[in-house]
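J.:
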Amino acid sequence: MMIEINQISKSFAGKQAVKNLELSIPDGKIFGFLGPNGAGKSTTIKMMTGILPIDEGSISMNGVDISKEPMKAKHLFGYVPDRSDIFLRLKGIEYLNFIADVFEVPKEIRKEKIEYLTKSFGIYEALDDHIQTYSHGMKQKIVVSGVLLHDPDVWILDEPLTGLDPKSAYTLKEMMREHASRGKIVFFSTHVLEVVEQLCDEVAIINNGHVQFKGNMIEMRQQFKEDDNLERLFLELTQNE
Amino acid sequence: MSKAWKLMKIMVKMQLSMSSKSAMEKAGYFFIALMMIPFGLLILFFIQGIIGNLYATLEPLGNESVILGLLFMMMAFIFSFISIGTVLSSFYFAEDVESFIPLPFQPYQILFGKSAVPFLSLYGLNTVLLLPSLIFYGLHSGAGILYYVFAIIIWAVTPIIPFVLTSIILMFIMRFANISKNKDRTKVLVGLLGFVFVIGINVLVRIDTGGENEDLARLITEQNGLLEFVTKFFPPAYFSSITLTELGTFTGLLYFILIITLSALAIFLFLTIGQKLYFKGVLGLSGGKRNNFKEENVQKQVKQQPVLFSLWKKEIRIILRTPTFFTQIVVQSLFFPIFLIVLIIIDPNSPLTGWGSDLNQMEGKKVILAMFGMTVVALGINPASFSSISRDGKSWFNHLYLPIPPSKVILSKLLVSFFLNFLSLMLITIAALFILEMPLTIWLLWFVLSLVTSWIASIAGLMIDLYSPKLTWTDEREVFKGRFIGIVPLALEATIFGVIILVLWNSGLEGIWSVTAVLLTILVLVSVCAQYFLNRLVDRNYYKLL
Chain E
1 MMIEINQISK
11 SFAGKQAVKN
21 LELSIPDGKI
31 FGFLGPNGAG
41 KSTTIKMMTG
51 ILPIDEGSIS
61 MNGVDISKEP
71 MKAKHLFGYV
81 PDRSDIFLRL
91 KGIEYLNFIA
101 DVFEVPKEIR
111 KEKIEYLTKS
121 FGIYEALDDH
131 IQTYSHGMKQ
141 KIVVSGVLLH
151 DPDVWILDEP
161 LTGLDPKSAY
171 TLKEMMREHA
181 SRGKIVFFST
191 HVLEVVEQLC
201 DEVAIINNGH
211 VQFKGNMIEM
221 RQQFKEDDNL
231 ERLFLELTQN
241 E
Chain H
1 MSKAWKLMKI
11 MVKMQLSMSS
21 KSAMEKAGYF
31 FIALMMIPFG
41 LLILFFIQGI
51 IGNLYATLEP
61 LGNESVILGL
71 LFMMMAFIFS
81 FISIGTVLSS
91 FYFAEDVESF
101 IPLPFQPYQI
111 LFGKSAVPFL
121 SLYGLNTVLL
131 LPSLIFYGLH
141 SGAGILYYVF
151 AIIIWAVTPI
161 IPFVLTSIIL
171 MFIMRFANIS
181 KNKDRTKVLV
191 GLLGFVFVIG
201 INVLVRIDTG
211 GENEDLARLI
221 TEQNGLLEFV
231 TKFFPPAYFS
241 SITLTELGTF
251 TGLLYFILII
261 TLSALAIFLF
271 LTIGQKLYFK
281 GVLGLSGGKR
291 NNFKEENVQK
301 QVKQQPVLFS
311 LWKKEIRIIL
321 RTPTFFTQIV
331 VQSLFFPIFL
341 IVLIIIDPNS
351 PLTGWGSDLN
361 QMEGKKVILA
371 MFGMTVVALG
381 INPASFSSIS
391 RDGKSWFNHL
401 YLPIPPSKVI
411 LSKLLVSFFL
421 NFLSLMLITI
431 AALFILEMPL
441 TIWLLWFVLS
451 LVTSWIASIA
461 GLMIDLYSPK
471 LTWTDEREVF
481 KGRFIGIVPL
491 ALEATIFGVI
501 ILVLWNSGLE
511 GIWSVTAVLL
521 TILVLVSVCA
531 QYFLNRLVDR
541 NYYKLL
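Residue numbers (the UniProt record's numbering), protein chains in the order written: chain E, 1 to 241; chain H, 1 to 546.
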């Protein structure tokens with residue numbers, strides 16, 4: 001098991017955002033983390049990535065505990081945040097260089113990777129411009145490129161497809177499939193059921209801070225029919241977009 | 001016009017609202033207001049002393065009007081100078097204007113609303129400086145009620161003309177600057193231009209007033225001669241002075257009507273010219289330039305560097321490229337050393353030139369202590385350090401998921417403020433060694449002490465910011481505006497080092513070397529302590545700021 005989430009909880013000012021959440025994500029899977037807005041997806045992801053301290057419970061990747069050995073754990077994953085308006089005053093190439101320095105990517109590999117990734121996303125020719133001048137989709141693409149530079153084992157993507165044009169969304173999905181087929185993990189959150197159906201091997205549905213369902217796609221459809229609660233959730237998820 | 005009023009009220013509310021301030025910030029305002037009282041009394045005392053002395057000297061010669069002339073000139077200069085910053089940031093740097101442009105407002109209405117806050121800050125200064133000065137002048141000249149009535153009106157109109165002139169010039173520059181492609185760089189340049197303009201005027205005035213000593217006698221003996229001479233660069237100052245010195249005469253009344261008309265005309269011009277120019281300067285300011293893509297350029301930039309250096313470079317780049325950060329941090333810390341150097345260079349006969357060589361005759365201990373004291377004050381308010389964390393704003397979380405140890409991020413930020421301080425220290429060095437001709441040993445001792453002081457100041461500012469950062473800004477100005485916490489490190493350092501200086505000054509310890517050694521030991525100890533507390537604060541707060 002590559003990602004282990006053990007009974008984590010988190011509350012903000014008395015309100016519990018995540019309650020005893022338990023998940024284990026096996027290798028080689030594209031794992032969808034599905035839930036309506038405000039369900040606790042982002043909070044969980046922020047705890048997985050070390051942005052938010054965990055109140056109770058623990059999270060480990062490849063056996064490395066994120067709270068106990070944060071630096072080691074952070075080298076294992078690449079994270080695409082849900083907001084892409086970051087480092088606006090840097091040029092695309094400066095941003096990528098900075099991220100590569102952080103992950104100590106050697107010069108030759110970095111050169112090759114930058115070229116490959118940005119050309120696949122069609123932003124290579126914008127690398128010498130400030131990120132400020134990018135469109136929303138381009139910002140998303142530069143962040144994704146940065147994350148993939150050091151070839152992390154685990155990809156953690158918070159709503160990665162929002163704002164991408166169909167072609168880039170396709171490219172990213174292909175990359176996700178390829179990554180999983182190499183035995184690695186892609187963990188991504190979304191509030192759109194359709195994306196999960198197209199892409200995921202496994203899915204966890206989260207609502208009000210805990211997991212309501214976990215399993216593969218066939219099981220999910222079955223459950224939707226049988227469980228009243230899930231059916232209501234299903235309606236919410238399909239109405240959302 | 002009622003639309004314009006409503007707009008202005010909303011804008012003032014948004015900019016001055018206390019609702020988003022925490023209880024701690026509110027307490028901070030109160031504390032600062034309290035601290036201002038003795039400071040204010042001190043200023044009043046000074047003003048009263050200066051006016052009293054000048055009046056006693058000039059009155060027998062019939063030239064007392066020059067006091068008012070100087071006063072109005074000084075105010076005009078201060079108002080123009082302050083307006084450069086406030087006008088640029090309110091009219092052009094604030095991105096909120098983009099949400100007003102799509103609404104059905106005339107440019108002049110938005111302009112009117114946007115002027116409110118810069119104007120209010122001018123009136124704040126006006127009340128602190130000009131009002132008491134006019135009252136003291138009235139007291140010394142034994143003026144009647146008529147004087148005070150006119151003085152109040154003159155007081156009320158004084159900021160208008162300098163403000164309007166500055167804004168029109170800036171609107172004119174921005175109208176053309178907007179044609180350029182790199183908006184950020186343009187904003188930075190215009191900000192710099194403003195400061196160059198101020199230094200330039202100062203240079204002009206000084207060059208012009210030099211070498212006319214032989215005329216001085218004539219000027220002094222002639223009634224109002226000095227006044228004409230002093231105010232020749234800014235006639236409204238002349239009109240205001242005459243109004244208040246020739247009270248009840250036809251001339252006085254004439255000049256009073258003149259100054260009122262001029263002010264009204266200025267407002268009219270401001271709104272009509274603004275209507276034509278403002279939107280042209282503001283449209284598309286938030287855009288940016290796309291480079292022509294050159295593959296080699298990109299390839300050249302791909303290189304591996306240590307993370308610490310990479311972090312430092314990222315910070316410096318962001319400071320240099322963000323207009324607000326550039327003007328608030330770089331320009332502010334470099335402006336005064338440059339200003340000083342320019343003033344000394346253009347006036348080689350000034351008493352300051354070669355002043356350093358006199359230092360040898362003074363007691364070494366006192367020299368070094370005094371210089372150290374000045375350095376503490378000069379480096380105390382360091383916008384780079386107390387904005388270290390807040391500058392990141394909502395991007396702060398990036399430091400949390402990237403595998404960079406907190407200590408490294410913090411160190412890179414300390415190095416940024418240290419580096420910027422270092423630049424001003426280097427400028428002061430140039431002035432000290434080449435213009436003031438300070439002895440090399442004294443400079444060296446001062447420089448070593450200053451480096452350590454600068455490191456402590458950087459830590460102090462960063463700690464304050466880490467303790468109470470402002471990360472939720474939507475506009476970079478919020479990082480500096482109304483955040484008086486920048487004064488806290490200065491107050492702290494001034495207290496600690498003030499006591500140390502006092503003790504050493506009065507101690508039996510003699511000789512420049514031994515005093516420096518003691519001071520350096522204390523400084524190193526203080527910086528070790530500061531580092532210890534910083535580390536604890538980092539452990540406690542670093543992951544909990546969001």
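Beta carbons: idealized from backbone N, C-alpha and C, even for Gly.
Thinking C-alpha only, which one of H:L440, H:Y278, H:T495 and H:E478 is nearest V376 of chain H?
T.: Nearest C-alpha to V376 of chain H: H:T495.
J.: Report all residues from its chain with a CB closer than 8 Å to the CB of L271 of chain H; omit the five preceding and five following residues, and keep chain order.
T.: Hits under 8 Å: Y108, L111 and F112.
J.: If we count the other Cβ atoms within 10 Å of its Cβ and call it buried at 16 or more, is N97 of chain E buried or exposed?
T.: Buried, since its Cβ has 16 or more Cβ neighbours within 10 Å.
J.: Quick one, which of H:S2, H:I152, H:D96 and H:K413 has its alpha-carbon nearest E315 of chain H's?
T.: The option with the nearest alpha carbon to E315 of chain H is H:K413.
J.: In chain order, what are the residue ranges of uninterrupted beta strand (DSSP E) at least 3 long that sit wholly in the stretch 242-328 of chain H?
T.: With a minimum length of 3 residues, no continuous beta strand (DSSP E) run stays inside the stretch 242-328 of chain H.
J.: Give the single residue among H:L130, H:Q106 and H:L165 whose Cα lies nearest to the Cα of S263 of chain H.
T.: Of the listed residues, the one whose Cα sits closest to S263 of chain H is H:L165.
J.: DSSP beta-bridge partners for L449 of chain H?
T.: Answer by DSSP bridge pairing: none, since L449 of chain H is not bridged.
J.: Compare the C-alpha of L415 of chain H against each of H:M426, H:A457 and H:M438 and name the closest.
T.: Among H:M426, H:A457 and H:M438, the Cα nearest to that of L415 of chain H is on H:A457.
J.: So G191 of chain H and P323 of chain H are in contact, right, with Cβ under 8 Å, and what is the actual spacing, rounded?
T.: With a Cβ gap of about 7 Å, G191 of chain H and P323 of chain H count as contacting.
J.: Assign L157 of chain E to one of three DSSP states: helix, strand, or coil.
T.: Residue state, collapsed to three classes: strand.
J.: Which of helix, strand or coil does DSSP assign to N207 of chain E?
T.: DSSP places N207 of chain E in strand when its eight states are reduced to three.
J.: Measure the C-alpha to C-alpha separation of T472 of chain H and S507 of chain H and round it to an integer number of angstroms.
T.: Whole-angstrom Cα-Cα distance: 49 Å.
J.: By the criterion of Cβ-Cβ separation under 7 Å, what are the contact partners of F98 of chain E in chain H?
T.: Under the 7 Å cutoff, chain H gives S310 and K314.
J.: Report the partner residues of D65 of chain E according to the DSSP bridge assignment.
T.: Answer is E:S60, bridged to D65 of chain E.
J.: If S390 of chain H and I459 of chain H are in contact, beta carbons under 8 Å, what's the gap, nearest whole angstrom?
T.: Their Cβ separation, rounded to whole angstroms, is 16 Å, which puts S390 of chain H and I459 of chain H out of contact at 8 Å.
J.: Hey, could you find the ends of the beta strand (DSSP E) L23 of chain E is sitting in?
T.: It spans K15 to I25 - the beta strand (DSSP E) in which L23 of chain E sits, taken as one unbroken run.
J.: Reducing DSSP to helix, strand and coil, say where R232 of chain E ends up.
T.: DSSP places R232 of chain E in helix when its eight states are reduced to three.
J.: On the three-state DSSP scale, how would you describe A116 of chain H?
T.: If DSSP states are grouped into helix, strand and coil, A116 of chain H belongs with the helices.
J.: Could you spell out the range, first to last residue, of the beta strand (DSSP E) harbouring G78 of chain E?
T.: It spans F77 to V80 - the beta strand (DSSP E) in which G78 of chain E sits, taken as one unbroken run.
J.: To the nearest angstrom, report how far apart R89 of chain E and F325 of chain H are at their CA atoms.
T.: Their Cα atoms are separated by approximately 12 Å.
J.: Hey, how far is the Cα of H179 of chain E from the Cα of V64 of chain E?
T.: Distance between the alpha carbons of H179 of chain E and V64 of chain E is about 21 Å.
J.: Which residues does DSSP list as the beta-bridge partners of H140 of chain H?
T.: BP columns for H140 of chain H are empty, so no partner.
J.: Tell me, to the nearest whole angstrom, how far the beta carbon of residue 249 of chain E is from that of D27 of chain E; I am working on the premise that it is less than 8 Å.
T.: Chain E is shown only over 1 to 241; residue 249 of chain E falls outside these bounds and no answer can be derived.
J.: Rounded to a whole number of angstroms, what is the C-alpha to C-alpha distance between M35 of chain H and L125 of chain H?
T.: Going by the C-alpha atoms only, they are around 17 Å apart.
J.: Going by C-alpha distance, which of E:S135, E:H130, E:S145 and E:G50 is nearest L116 of chain E?
T.: In the sequence as presented, Leu is not what sits at residue 116 of chain E; that position holds Tyr. Closest option to Y116 of chain E, Cα to Cα, is E:S145.
J.: Quick check on this structure: which residue in H:L537, H:I428, H:K300 and H:I242 has the alpha carbon closest to the alpha carbon of L333 of chain H?
T.: The sequence shown places Ser at residue 333 of chain H, not Leu. Nearest C-alpha to S333 of chain H: H:I428.
J.: Just to confirm before moving on: does the CB-CB distance between I8 of chain E and E56 of chain E stay below 8 Å?
T.: Going by C-beta atoms, I8 of chain E is nearer than 8 Å to E56 of chain E.
J.: Does the distance from the C-beta atom of T516 of chain H to that of I368 of chain H stay below 8 Å?
T.: For T516 of chain H and I368 of chain H, yes; Cβs fall inside 8 Å.
J.: In chain H, which residues lie less than 9 Å from F87 of chain E when you measure between Cβ atoms?
T.: Chain H residues near F87 of chain E: K314, I318, S395 and N398.
J.: DSSP three-state call for T190 of chain E: helix, strand or coil?
T.: It is a strand residue.
J.: Less than 8 Å between C-beta atoms, sequence neighbours within five positions excluded: which residues of the same chain meet that for V538 of chain H?
T.: Closer than 8 Å at Cβ, skipping near neighbours: P406, S407, I410 and L466.
J.: Taking all protein chains shown into account, do 16 or more other C-beta atoms lie within 10 angstroms of the C-beta of E212 of chain H, making it buried, or fewer, making it exposed?
T.: The predicted model places E212 of chain H with a pLDDT of 49, which falls under 50 and marks its position as unreliable, so this point remains unresolved.
J.: Is I512 of chain H near V342 of chain H, with beta carbons less than 8 Å apart?
T.: In this structure, V342 of chain H does not lie closer than 8 Å to I512 of chain H by Cβ.
J.: Under DSSP, the beta strand (DSSP E) around K10 of chain E begins and ends at which residues?
T.: Segment I3 to F12, the beta strand (DSSP E) holding K10 of chain E.
J.: K481 of chain H by DSSP, collapsed to three states: which one?
T.: Correct three-state label for K481 of chain H: coil.
J.: Buried or exposed for L139 of chain H, going by 16 or more other Cβ atoms inside 10 Å?
T.: Answer is exposed; the Cβ neighbour count stays below 16.
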